[in-house]
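Some notes on the structure that comes next.
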Amino acid sequence: MGIQANLDFVKEQLPKHVTLVAVSKTKPISDVEMAYQCGQRVFGENKVQELCEKHEVLPKDISWHMIGHLQKNKVKYIAPFVDLIHSLDQESLAVEINKRAKQNDRIINCLLQVHLAQESTKFGFTFDECTLFLNEKQTLYPHIRIIGLMAMATFSSDNQIVEEEFKKMSEYYQLQQNKFPNLEVLSMGMSGDYSLAIKHNSNMVRIGSTIFGQRNYNK
Ligand SMILES: *Cc1c(COP(=O)(O)O)cnc(C)c1O
7 MGIQANLDFV
17 KEQLPKHVTL
27 VAVSKTKPIS
37 DVEMAYQCGQ
47 RVFGENKVQE
57 LCEKHEVLPK
67 DISWHMIGHL
77 QKNKVKYIAP
87 FVDLIHSLDQ
97 ESLAVEINKR
107 AKQNDRIINC
117 LLQVHLAQES
127 TKFGFTFDEC
137 TLFLNEKQTL
147 YPHIRIIGLM
157 AMATFSSDNQ
167 IVEEEFKKMS
177 EYYQLQQNKF
187 PNLEVLSMGM
197 SGDYSLAIKH
207 NSNMVRIGST
217 IFGQRNYNK
């Protein structure tokens, strides 16, 4: 199947209120162009250099999302144009994003990444840290707008583990959203688990391999 058919397949399964972030990491410019020609406008990347290279040559009405762990010393490269950072995962990164956003005369939309999975390799705030940030920290960073939360489930074929985590995340999200109505986005769900994520209130899914095919990291 080609990119167009894959995109159609995915979109058919997404309720209208769910935003599709097409994750184009490792994929060539031509793949992004193909998806763009099919009407896709929101793309996600997890490496700053790749994000910048693609942003530079592709149409300017693309909304670029940073979805991967972001190193502080690289924030400056994406600050001029990034539309949404999904991976605000520690306060020191907020300091840097705020600084670079200010230099660019921008307010950058961010999601707080919550550490949900069992893997210690994944990044993010604990629920408690996230609550603290929302209650006491976010007002310290006027050039950042926290518009929601992001989470990744444990990489597991056991749907029960994944569903438990999504459910926990959804409950936490709803609790915080009652307090902070600006939290409009719950970014949760990838190729393997987006249906489950949507069942548990996700309204933004990040889908790569189902659209663009398996990634080859050895090239
Ligand atoms: C790569 C990646 C995705 C997409 O993964 P697929 O399984 O290919 O859909 C989603 N979110 C993050 C943070 C990623 O790094």
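Using the numbering used here, read the sequence shown as starting at 7 and increasing by one per residue. Backbone N, C-alpha and C fix where the C-beta goes; we use that ideal spot for every residue, glycine too.
Apart from sequence neighbours up to five positions away, the residues of its chain that approach R221 with a beta-carbon distance below 6 Å are T32, ordered along the chain. A direct Cα-to-Cα measurement between F139 and Y179 gives close to 14 Å. Between N207 and L189, the C-beta gap is not smaller than 8 Å, which leaves the two residues out of contact. Listed in chain order, the non-local C-beta contacts of I35 below 7 Å within the same chain comprise K60, V63, L64, local neighbours out to five positions each way being set aside. Here L118 really is in contact with F131; their C-beta atoms are around 6 Å apart, less than 8 Å.
Distance from the C-beta of I84 to the nearest heavy atom of ligand 1 is not below 7 Å. Within the region 128 to 194, the complete beta strand (DSSP E) runs of at least 3 residues fall at 150 to 157, 191 to 194. Contact check for V81 and I113: beta-carbon distance about 14 Å, past the 8 Å limit, so the pair fails to qualify. Distance from the Cα of W70 is smallest, within the candidate group Q77, N79, K78, Q46, for Q46.
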